[in-house]
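What follows is a single structure, written as structure tokens, with notes after it.
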Amino acid sequence: MECSSISSGIISQLCDILQNREFLPQLVSALEESKRRQNNGRLFLQVKASLCTVPSAVSPDGSLILGCVDLSDGQLVPLAQLNSIPTPDPEDQSRDGGVIPLTPQSSIDEACTRSPKRRKTVSGLRLAPFKSMVSHDGVDSEIHAQDAPGNSVSDSQTHSIRQVHSDTGFPQRKKPGRDNAAPVMEPTSTDKLISGIWRQVFSPVQLSRLPSVIEPSINIRTGVSGDVFRAVNTLCLKYYNQSQSSRALEMIVQAYWIECYEARIAVIRLQNPNFSITEARMIALKEACAVLNWKDKDLRNRIAIWRGYKDIKDAGGWASLIFASAGVYRFCKYRTGFGEGFSTRLRHIRCSLEVAADTLHPEWRDLLQVIDQGEARRYHGHPHEWVTVTGAPAVPLASTYAHLDLPHGFQYRFIDECAIDAAAFTDDPRHMPSLDPETCPVCKQRQSDEIEKNQCACFPSLFGGIRGPVPMQLFHTTSGKNNGVVARTTIERGTAIGEFIGLVTSGICGVDVMQGGSHKTRTYQIYQGQMGNFTRFINHSCRPNSQFQRFYWRGAERIVVVSRGVVAGQEITVDYSNHYWNQLDKKCLCGEGCCRFGGR
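Using UniProt numbering, read the sequence shown as starting at 1 and increasing by one per residue.
So, in structure tokens, the structure goes:
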């Protein structure tokens, strides 16, 4: 059968209906393959139909035959006429299976060598199942943490021990076709703006009210040596910070201009009671244009954008406007996300934004002096020393534990690295002598604390990369769990949230500790009673959105909290394990339908 007869017959019509133009060249290749096999008999294209719950390119068993197309003339052969067609020779049918493959082997080989289509990278890694890996002499075996023989803790240490759920089953990237996750809705323009505000607050940008001309420290026109490149990077950073400050100052003045403009219109109407609101507005516009040297139309177009700046400031405070991302201009120009819901969301996070801004960027309030509205700093200290409350001012962390009636009150010191208990260990018990400190056991790449030399990209936000404040805050829960940790931006699946940090010790019993060590001879505990980081306040859930994960950095074991997919504004939770709850006589407050310990 010629290509022209294929493309002009019923097969071409089916390809047009199903929008599958690749079928025609595949069919021609199959016919050529049939001729090479010296199969000169009549050939038919069998048309099948099948029922499925998910659209698929693979036909399941139990297909229904609709009919056949005679490839010699391109005519449709109804199902009723199929029985009258002579049956092929049984030997040929047994040799070829009665069916000629649609795609010959040459086409399959060509498709295999073709480069795959690029997909969007979301920096997500797949989480491992809920089991722990116990290492014996460098050989890993899968044993559940609760049931691991030889990995148990003495009876004096069995109280309130959290378990690390997985080790070598490290999160892998998603494979297309295997992860049938529920579809996720695209974020709205409002979600993007609020997320951009939080990212800017938790960024290392430095704001300054007084711009200046920055001179490089060395001659940057003498070639691109290491010193010259570092000087250019430093110059770029300084001007980036200055441009961010200038943009924030511009929005502050423009939002304040709207307030003065509306106040001027009110004054004109008081001085001229016979003027309408439109006449008073036109007079104010003319007064402004005389100074700005702009046309009325140009100013009115800018007023629409400036009014959006003022609306953001009125709802979320000056911090929400100053730390707004670059997309705020477009957001205010088209006003697609403005509404009562948008203002309500900004009002709810207004105080939380000020906590992050005051503790991470104490200089931001100096920018308000450009309009003579300098404000005193309200929140001092570490960002997690304050517990945010929805729609209300934040409260000190110590005040939320007043009900414990401690002798010296609640005292907690935030640290960036684990502290080793000198009374319990002479060296770091997390170090594994069997591991190469220069090679990552997961990706087999080089590990180094120097960013230029490190090649391991398993958890770059924690190890071997730039470390910055995590976009999350402590918040007061309404379910009776006291404090919790809320994510301020969406955290993709497989992303490291933070390292479990505290005092590395041993022999503690009767209190909540993390049991570490993959070998029974090298066990240790991480105690967060008096020092640690925000992971100490992550609550339990029987349906968690994060989990504890073992990771080895430069030959030492680290316990990392890894996201399973946390949505912005959602509480971060982990599963403390059955072993933890079996030692306690209290009720779980996670509120999930699958709660294991809520009915006590």
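Heads up, the beta-carbon is just placed ideally off N, CA and C, and yes, glycines get one too.
Check: Give me the Cα-Cα distance between Ile349 and Gly316, rounded to the nearest whole angstrom.; Outcome: 7 Å
Check: Classify His408: buried if its beta carbon has 16 or more other beta carbons within 10 angstroms, exposed otherwise.; Outcome: exposed
Check: How is Arg300 classed by DSSP in three states: helix, strand or coil?; Outcome: helix
Check: So, at 8 Å on beta carbons, what are the nonlocal neighbours of Leu66 in its own chain, with the 5 sequence-adjacent residues on each side left out?; Outcome: Val47, Lys48, Ala49 and Leu79
Check: Thinking C-alpha only, which one of Leu51, Gln244 and Leu474 is nearest Ser197?; Outcome: One point to set straight first is that residue 197 is Ile, not Ser, in the sequence displayed. Selected option, being the one with the closest Cα: Gln244.
Check: With H, G and I counted as helix, E and B as strand and the rest as coil, what does DSSP make of Thr573?; Outcome: strand
Check: With a threshold of 7 Å on Cβ separation, who are the neighbours of Phe459 within its own chain once the five nearest residues in sequence on each side are excluded?; Outcome: Ala496, Phe551 and Val560
Check: Would you call the stretch 256-264 and the stretch 281-301 in contact, with 3 or more CB pairs under 8 Å?; Outcome: yes
Check: Please report the straight-line C-alpha distance between Glu438 and Phe534, rounded to a whole angstrom.; Outcome: 29 Å
Check: In whole angstroms, give me the CA-to-CA distance for Asp421 and Gln515.; Outcome: 15 Å
Check: Skipping 5 residues on each side, what residues in its chain have a beta carbon closer than 6 Å to that of Ile283?; Outcome: Ile268
Check: Just verifying my parser: in three-state terms, what is the DSSP assignment at His579?; Outcome: helix
Check: What three-state label does DSSP hand Leu589 in the structure shown?; Outcome: coil
Check: Give the single residue among Gly337, Phe410 and Leu76 whose Cα lies nearest to the Cα of Pro187.; Outcome: Gly337
Check: Within 9 Å (strictly less), CB to CB, does Ala487 reach chain B?; Outcome: Among the protein chains of the structure shown there is no chain B, as only one such chain exists.
Check: In whole angstroms, what is the alpha-carbon distance linking Asp296 and Trp306?; Outcome: 15 Å
Check: In the DSSP assignment, find the unbroken alpha helix (DSSP H) run with Gly196 in it and report its ends.; Outcome: Ser189 to Val201
Check: Figure out for me which residue from Lys313, Val232, Tyr401 and Cys588 has the closest Cα to the Cα of Ala248.; Outcome: Lys313
Check: In or out: Arg488 buried (at least 16 other Cβ within 10 Å) or exposed?; Outcome: buried
Check: Within its chain, find whatever has a CB closer than 8 Å to the CB of Val77; leave out the 5 residues flanking it on each side and keep chain order.; Outcome: Phe44, Gly67, Cys68, Val69, Asp70 and Ile85
Check: Can you tell me the Cβ-Cβ gap for Ser563 and Asn539, rounded? I've got them flagged as a contact below 8 Å.; Outcome: Contact flag wrong, Cβ pair sits at about 15 Å.
Check: Mark Arg558 as exposed unless 16 or more other C-beta atoms lie within 10 angstroms of its C-beta, in which case mark it buried.; Outcome: buried
Check: Nearest to Ser217 by alpha carbon, out of Val504, Val201, Cys236 and Lys35?; Outcome: Cys236
Check: Is the stretch 380-392 touching the stretch 226-233, taking contact as three or more C-beta pairs under 8 Å?; Outcome: no
Check: Taking only the alpha-carbon atoms, compute the straight-line gap between Leu360 and Leu270 and give it to the nearest angstrom.; Outcome: 45 Å
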